[in-house]
Amino acid sequence: MRAYEVKVIHKSDWTYKLFGSGVDLHTIHAEVSSRGIDECVVIDLLKIRRNDANAFSKTFQVIKSNWRVISCQLVAGTGGEMLVLVVSKCQESVRFILNSHKIPVVRSMVRNGVEIYTVLAQDKHHIGYAAKEIQSISEIIDIRQIALGEALLYTPTEKINVPKLTKREKEILGTALREGFFEHPKRIKIENIARIHGVSKAYVSVTIRKAVRKALEWLVETGF
22 MRAYEVKVIH KSDWTYKLFG SGVDLHTIHA EVSSRGIDEC VVIDLLKIRR NDANAFSKTF
82 QVIKSNWRVI SCQLVAGTGG EMLVLVVSKC QESVRFILNS HKIPVVRSMV RNGVEIYTVL
142 AQDKHHIGYA AKEIQSISEI IDIRQIALGE ALLYTPTEKI NVPKLTKREK EILGTALREG
202 FFEHPKRIKI ENIARIHGVS KAYVSVTIRK AVRKALEWLV ETGF
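Quick note on numbering: the sequence shown equals residues 22 to 245 in my numbering.
So, in structure tokens, the structure goes:
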């Protein structure tokens with residue numbers, strides 16, 4: 022299958038209707054089970070601005086009442102914002118399946134009334150089908166194909182993963198994040214991370230810089 026990016030501009034933003042102001046939503050990747058499209062699982066990374074002290078609890082209540090939540094956890098909280106990772110079963114608002122043609126449609130990003138979907142299709146004719154069905158169930162101002170990706174999904178069980186970090190980069194960056202390397206003050210030093218992974222301090226330093234650069238480049242490119 023090939024992945025097509027489709028930009029959808031709404032008259033109103035459904036995330037605002039659900040959460041109110043102060044919530045940006047970004048889907049980092051989606052997984053399609055080998056048992057069929059109906060078994061879709063979505064992983065959302067929610068960026069929540071702390072408008073009030075109850076922002077997280079209010080948002081979590083809305084998520085639980087509107088989505089089929091498997092798990093929900095706080096990833097980080099700095100600078101007046103929270104990052105929350107939500108794993109849930111196929112959501113109606115995500116519109117994974119367009120009924121007539123069974124085309125998987127995964128929401129990539131939602132912000133300020135603009136939705137970007139990834140349509141997984143065999144050929145570009147499916148984009149027309151997707152556009153018609155989305156228009157039939159939404160208040161659309163504009164809809165158009167904005168990009169054509171390479172073959173991002175080879176089998177129904179593979180994930181769409183970005184950014185593309187090596188296994189070692191993921192391991193070292195994961196340790197740095199979990200153990201508080203990026204906090205102030207630091208809770209772990211580079212030499213301790215090096216000791217955990219059995220590598221040199223210089224290697225850890227270079228690896229973290231490379232991994233962070235890849236992640237930042239991806240964030241800038243996706244507009245998150």
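Where a beta carbon is used, it is the ideal one built from N, C-alpha and C, also for glycine.
(request) Please list, in chain order, all residues of the same chain as Glu192 whose beta carbon is under 8 Å from its beta carbon, the five residues on each side excluded. (result) Here residue 192 refers to the residue found at position 171 of the sequence shown. Excluding sequence neighbours, Glu192 sits near His218.
(request) Starting from Gly195, trace the alpha helix (DSSP H) both ways and give me its first and last residue. (result) Translated into positions along the sequence shown, residue 195 becomes position 174. First-last of the alpha helix (DSSP H) with Gly195: 188-199.
(message) How far does the alpha helix (DSSP H) with Ile214 in it extend, from its first residue to its last?
(response) Working through the sequence shown from its first residue, we reach residue 214 at position 193. Run containing Ile214: 211-218, per the alpha helix (DSSP H) assignment.
(request) Give the secondary structure of Ser109 by DSSP, where H, G and I count as helix, E and B as strand, and everything else as coil. (result) As a first step, residue 109 must be located in the sequence shown, where it is residue number 88. If DSSP states are grouped into helix, strand and coil, Ser109 belongs with the strands.
(message) Out of Ile84, Lys185, Glu204, Val105, which one is the CA nearest neighbour of Gln94?
(response) Within the sequence shown, numbered from 1, the residue matching residue 94 stands at position 73. Nearest option by C-alpha distance: Val105.
(request) Inspect the beta-carbon positions of Lys222 and Ile211 and report whether they are closer than 7 Å. (result) For the purposes of this step, residue 222 is identified with residue 201 of the sequence shown, where counting begins at 1. For the purposes of this step, residue 211 is identified with residue 190 of the sequence shown, where counting begins at 1. A contact, by the Cβ cut-off of 7 Å.
(message) Give me the residue from Arg234, Thr80, Gly201 with the minimum Cα distance to Ala214.
(response) Residue mapping note: residue 214 aligns to position 193 of the sequence shown, counting from 1. Checking the sequence, you will find Ile at residue 214 rather than Ala. Closest by alpha carbon: Gly201.
(request) Within 10 angstroms of the Cβ of Leu237, are there 16 or more other Cβ atoms? Answer buried if so, exposed if not. (result) Here residue 237 is taken as the residue at index 216 of the sequence shown, counted from 1. Label assigned to Leu237: exposed.
(message) Applying the 10 Å Cβ sphere with the 16-neighbour rule, what's the burial state of Val107?
(response) On the sequence shown, position 86 is the one that residue 107 refers to. It counts as buried.
(message) Would you say Val225 lies against chain D (beta-carbon separation less than 7 Å)?
(response) The structure shown contains no chain D; it is built from a single protein chain.
(request) Just the C-alpha distance for Leu186 and Val220, rounded to the nearest angstrom, thanks. (result) Working through the sequence shown from its first residue, we reach residue 186 at position 165. Working through the sequence shown from its first residue, we reach residue 220 at position 199. About 18 Å.
(request) Leaving aside the five residues before and after Val96 along the sequence, list all residues of the same chain whose C-beta is less than 7 Å from its C-beta, in chain order. (result) Taking the first residue of the sequence shown as position 1, residue 96 is located at position 75. Cβ neighbours of Val96 beyond the five flanking positions: Leu104, Val105, Leu106.
(request) Taking only the alpha-carbon atoms, compute the straight-line gap between Val225 and Phe81 and give it to the nearest angstrom. (result) In the sequence shown, residue 225 corresponds to position 204, counting from 1. In the sequence shown, residue 81 corresponds to position 60, counting from 1. The alpha-carbon atoms of Val225 and Phe81 are separated by roughly 36 Å.
(message) According to DSSP, simplified to helix, strand and coil, what is Tyr175?
(response) As a working note, residue 175 is residue 154 in the sequence shown. Caution applies to Tyr175, whose pLDDT of 31 falls short of 50 and renders its modelled position unreliable; the value that the coordinates give is listed next. If DSSP states are grouped into helix, strand and coil, Tyr175 belongs with coil.
(request) Classify Pro206 as helix, strand or coil using the three-state DSSP reduction. (result) As a first step, residue 206 must be located in the sequence shown, where it is residue number 185. If DSSP states are grouped into helix, strand and coil, Pro206 belongs with coil.
(message) What does the Cβ neighbour count give for Ile84, buried or exposed, with the cut at 16 atoms within 10 Å?
(response) Along the sequence shown, one-based indexing puts residue 84 at 63. Buried is the call here.
(request) Rank Ala197, His205, Lys207, Pro206 by C-alpha distance to the C-alpha of Ala232 and give the top, closest one. (result) Counting from 1 along the sequence shown, the entry for residue 232 is found at position 211. Here the closest residue by C-alpha is Ala197.
(request) Can you say whether Ser109 is buried or exposed, counting buried as having 16 or more other CB atoms within 10 angstroms of its CB? (result) Position 88 of the sequence shown, counting from 1, holds the residue named residue 109. That one is buried.
(request) Check whether the Cβ atoms of Glu190 and Thr228 lie closer than 7 Å to each other. (result) Here residue 190 refers to the residue found at position 169 of the sequence shown. Here residue 228 refers to the residue found at position 207 of the sequence shown. Yes, Cβ-Cβ distance for Glu190 and Thr228 is below 7 Å.
(message) Which residue wins for smallest C-alpha separation from Leu194, given the options Arg89, Arg230, Ser86, Val90?
(response) Sequence index remark: in the sequence shown, residue 194 carries index 173 (1-based). Ranking Arg89, Arg230, Ser86, Val90 by Cα distance to Leu194 puts Arg230 first.
(message) For Ser78 and Lys207, I'd like the C-alpha separation in whole angstroms.
(response) Locating residue 78 in the sequence shown gives position 57, where the first residue counts as 1. Locating residue 207 in the sequence shown gives position 186, where the first residue counts as 1. Between Ser78 and Lys207, the C-alpha separation is close to 28 Å.
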